C-alpha cells in the first residue's frame with residue numbers, strides 16, 4: 012500500500028490533470044491487498060471531495076516574468092477514461108471471484 016500526493020501551486024488545468032491521473036491510478040491499483048481493498052473507496056471519495064477545490068482554482072495565467080511552461084492538458088473526464096472504468100470493475104470482479112470460490116468449495 013502506498014499513499015501518494017502531489018504538492019505544488021496549480022492552476023485549474025494542471026490541478027484537474029493531476030486529480031484525474033492520480034484518481035485513475037488509485038482506481039486501477041488500489042484494490043490489491045486486504046487493507047487496501049477497504050481503504051481505497053475512502054481515498055477515492057476523499058479525492059472526489061477535494062475535486063471541488065481543484066475546480067475552483069484560477070484558470071491558467073501567463074507568467075508576468077515570461078518563460079512559464081504551458082498548463083497541463085486536463086484530458087478526458089475521469090469516467091471517460093477506460094482505465095477508470097476498469098478500475099471501478101476490479102472490486103466487483105474480486106468479490107464475484109470470492110463468491111464463486113466459496114460456493115465451489117462448499118460441502
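Residue numbers (our numbering): 12 to 118.
Ideal placement from N, C-alpha and C gives every residue a C-beta, glycine not left out.
Treat the numbers as computed from the prediction; the structure is a model and nothing was measured.
Whether residue i touches residue j by CB criterion (8 Å)
{"i": "residue 33", "j": "residue 65", "result": "no"}
{"i": "residue 90", "j": "residue 97", "result": "no"}
{"i": "residue 102", "j": "residue 48", "result": "yes"}
Residue environment, residue i, which counts as buried when at least 16 other CB atoms sit within 10 Å
{"i": "residue 38", "result": "buried"}
{"i": "residue 100", "result": "exposed"}
{"i": "residue 35", "result": "buried"}
{"i": "residue 21", "result": "buried"}
Coil, strand or helix - residue i by DSSP
{"i": "residue 83", "result": "coil"}
{"i": "residue 103", "result": "helix"}
{"i": "residue 53", "result": "helix"}
{"i": "residue 14", "result": "coil"}
{"i": "residue 108", "result": "helix"}
Any non-hydrogen atom of the ligand SAM closer than 7 Å to residue i Cβ
{"i": "residue 82", "result": "In the structure on display, the ligand SAM does not appear, and there are no ligands present to speak of."}
Cβ-Cβ separation, residue j to residue i (assumed contact under 8 Å), whole Å
{"i": "residue 86", "j": "residue 31", "result": "6 Å"}
{"i": "residue 54", "j": "residue 41", "result": "7 Å"}
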